[in-house]
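Everything on this sheet refers to the single structure shown next.
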Amino acid sequence: MTYSGFRVIKEALTGHRGWGPAWRTPEPKTQYDYVIIGGGGHGLATAHYLAKEFGKSRIAVIEKGWIGGGDVGRNTTIIRSNYLLDGNEPFYEMSLKLWEGLERDLNYNAMVSQRGILNLIHSDAQRDAFVRRGNAMILNGADAEMLSTKQIQKRYPFLNVNNARFPIKGGLAQHRGGTVRHDAVAWGYARAADRRGVDIIQNCEVTGFRVENGTCVGVETSRGFIGAKKVASCVAGSSGRLMAKAGIRLPIESHVLQAFVSEGLKPVLPGVITFGAGHFYCSQSDKGGLVFGGDLDGYNSYAQRGNLPVVEDVCEGGMAIFPMLGRVRLLRMWGGLMDMSMDGSPIIDKTHIDGLYFNGGWCYGGFKATPASGFAYAHLLATERPHETATAFRFGRFEKGLLIDEKGVGNHPNLH
Ligand SMILES: Cc1cc2nc3c(=O)[nH]c(=O)nc-3n(C[C@H](O)[C@H](O)[C@H](O)COP(=O)(O)OP(=O)(O)OC[C@H]3O[C@@H](n4cnc5c(N)ncnc54)[C@H](O)[C@@H]3O)c2cc1C
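The sequence shown begins at 1 in our numbering and counts up by one.
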């Protein structure tokens with residue numbers, strides 16, 4: 001069924017009896033050409049582009065839980081392409097362009113909202129760094145604009161620009177950045193992939209890999225063995241645990257990141273704002289809640305729940321620029337698992353085992369990367385070559401010292 005305004009009206013007039021499930025619930029087959037492990041945003045996007053852009057078939061996505069239950073449905077929904085380094089910026093800009101056409105591509109309302117993102121500046125040194133970053137963005141075909149304090153005050157009159165410790169001295173704006181309804185991205189990709197014949201198998205955990213003579217020939221699952229010509233791991237925060245089953249130790253640690261939603265407010269925050277002197281980022285959802293987050297909890301974990309000290313830390317960051325936040329009640333919060341790589345940048349590559357591929361290390365910026373990650377991973381799986389925007393995202397960079405350290409903090413995964 002194709003979704004359209006006409007369809008919505010027709011269904012409204014006929015008691016909504018015509019809607020079917022958005023995707024099928026097939027039984028796993030014994031053999032596929034491609035098995036993608038992980039039904040998060042990246043896994044589903046990979047399946048969609050493999051079928052649509054590379055004409056591949058006999059594809060399955062194997063998900064241990066339910067579609068939308070991982071980070072894809074837990075993040076703070078921010079999309080942007082405001083990166084500095086050559087290894088990153090063209091990739092994230094491709095992603096932003098794919099977001100811009102995503103709803104037509106998927107025939108699904110993912111609520112892509114280019115309401116703009118503003119990174120606040122609090123010191124002269126930071127202004128220099130942000131001017132440099134803005135120039136790098138423009139050179140890579142992205143949009144960037146430096147805003148003065150006055151321009152910022154006009155759009156965001158409630159900001160405390162005169163905070164004694166963290167005065168707001170301007171900001172770097174990317175007007176094409178914004179937010180996307182996170183779980184709709186999973187549902188939209190799942191439905192689009194299913195329409196092209198991809199089997200989406202939920203409640204099926206991959207428990208091991210079958211490797212014969214150095215080649216991966218399939219996966220052991222909680223529902224039996226599933227054979228595949230190519231097996232593609234795409235499990236984000238569970239990457240370390242899953243790849244260990246193939247004997248592979250990754251340059252990745254898993255950490256918890258929390259997200260927060262306030263009670264609903266009248267429209268107050270037109271775009272996304274990030275605090276530049278600590279870690280706090282905030283947008284307002286279409287339902288009115290302020291959606292915000294900050295730093296990792298700071299310890300290795302596979303638990304999808306966080307601790308109170310970070311709640312305090314995040315709220316302190318928010319209060320420094322946004323004092324009226326003190327009057328707002330926190331409605332709910334949750335945690336997700338972050339696959340933090342050693343240099344803060346992702347990996348999309350083959351492994352040393354033939355037929356086994358890896359996608360991960362998204363740190364806490366993987367949501368915005370969803371379309372480009374799926375596209376580049378599908379490109380690698382279909383052609384055996386990295387996509388031109390993802391040539392730097394390879395395992396070999398850690399051996400050669402060619403790190404893509406966007407934040408400049410070295411090999412401290414908890415700081416990226
Ligand atoms: C609180 C929070 C806020 C964030 N905010 C942002 C943001 O604003 N902007 C941004 O760009 N990024 C953000 N991120 C990061 C982003 O959400 C992730 O990097 C990205 O979603 C990870 O890719 P994914 O969607 O494929 O992961 P997931 O949705 O986690 O998908 C991985 C899937 O693999 C499945 N799986 C794991 N092990 C197995 C197995 N053995 N067998 C089968 N299936 C398995 C899991 O159940 C899961 O569904 C945030 C993350 C969190 C937690």
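Built from N, CA and C at the ideal position, the CB exists for glycine as well.
* Could you tell me whether the Cβ atoms of residue 232 and residue 48 are closer together than 8 angstroms? => no
* Residue span of the alpha helix (DSSP H) that contains residue 313, given as start and end -> Element bounds for residue 313: 308-321.
* Any heavy atom of ligand 1 closer than 7 angstroms to the CB of residue 367? -> yes
* Within this structure, are the beta carbons of residue 236 and residue 68 separated by less than 8 angstroms? -> no
* To do: Rounded to whole angstroms, what's the CA-CA distance from residue 65 to residue 11? Just pull it up for me.
  => 31 angstroms
* Supposed close pair residue 406, residue 345 - CB separation, criterion 8 angstroms -> 7 angstroms
* Check whether the Cβ atoms of residue 403 and residue 397 sit closer than 8 angstroms, and answer yes or no. => yes
* Asked: Quick one: Cα of residue 26 to Cα of residue 93, how far?
  -> 35 angstroms
* To do: Can you tell me which of the three DSSP states residue 189 falls into?
  => helix
* When DSSP builds the beta bridges, which residues end up paired with residue 260? -> 292 and 333
* Where residue 221 falls: helix, strand or coil (DSSP) -> strand
* To do: Return yes when the C-beta of residue 243 is under 7 angstroms from any heavy atom of ligand 1, and no when it is not.
  => no
* On the three-pair Cβ rule with 8 angstroms, is the region 131-143 touching the region 98-105? -> no
* To do: Assign residue 119 to one of three DSSP states: helix, strand, or coil.
  => strand
* Asked: Which of helix, strand or coil does DSSP assign to residue 105?
  -> helix
* Taking the DSSP output, what are the residues bridged to residue 31? -> 227
* Just to confirm, are residue 114 and residue 178 a CB contact at a threshold of 8 angstroms? -> yes
* **Cβ-heavy atom distance, residue 47 to ligand 1, below 7 angstroms** => no
* Between the Cα of residue 219 and those of 176, 207 and 213, spot the shortest distance and give me the residue it belongs to. => 207
* Under the three-state reduction of DSSP, which class applies to residue 152: helix, strand or coil? -> helix
* Check whether the Cβ atoms of residue 116 and residue 318 sit closer than 8 angstroms, and answer yes or no. => no
* Output the distance between the C-alpha atoms of residue 383 and residue 158, rounded to the nearest integer angstrom. => 51 angstroms
* Asked: In this structure, does DSSP put residue 145 in helix, strand or coil?
  -> strand
* Asked: What residues in its chain sit with their C-beta under 7 angstroms from that of residue 122, if we drop five residues either side in the sequence?
  -> 166, 167, 168, 169, 276 and 277
* **Residue of 222, 210, 415 and 215 minimising C-alpha distance to residue 202** => 222
* When the Cα atoms are used, what is the spatial distance from residue 479 to residue 4? -> What is shown of the chain runs 1 to 416, which leaves residue 479 out entirely.
* Endpoints, the beta strand (DSSP E) within which residue 357 is located -> 356-360
* Asked: Cβ of residue 74 versus every heavy atom of ligand 3: is any distance shorter than 7 angstroms?
  -> This structure lacks ligand 3; the ligands present are ligand 1.
* Asked: Can you check whether the CB of residue 273 is closer than 8 angstroms to the CB of residue 120?
  -> yes
* In this structure, does DSSP put residue 83 in helix, strand or coil? -> coil
* Asked: Is the beta carbon of residue 254 sitting closer than 8 angstroms to the one on residue 339?
  -> yes
* Span of the alpha helix (DSSP H) holding residue 239? -> Note, residue 239: alpha helix (DSSP H), 239-244.
* Given residue 97 as reference, the closest of 63, 226, 79 and 111 once Cα atoms are compared -> 79
* **For residue 349, the nearest candidate out of 389, 367 and 331 (CA to CA)** => 389
* Asked: Does the separation of the CB atoms of residue 186 and residue 108 fall below 8 angstroms?
  -> no
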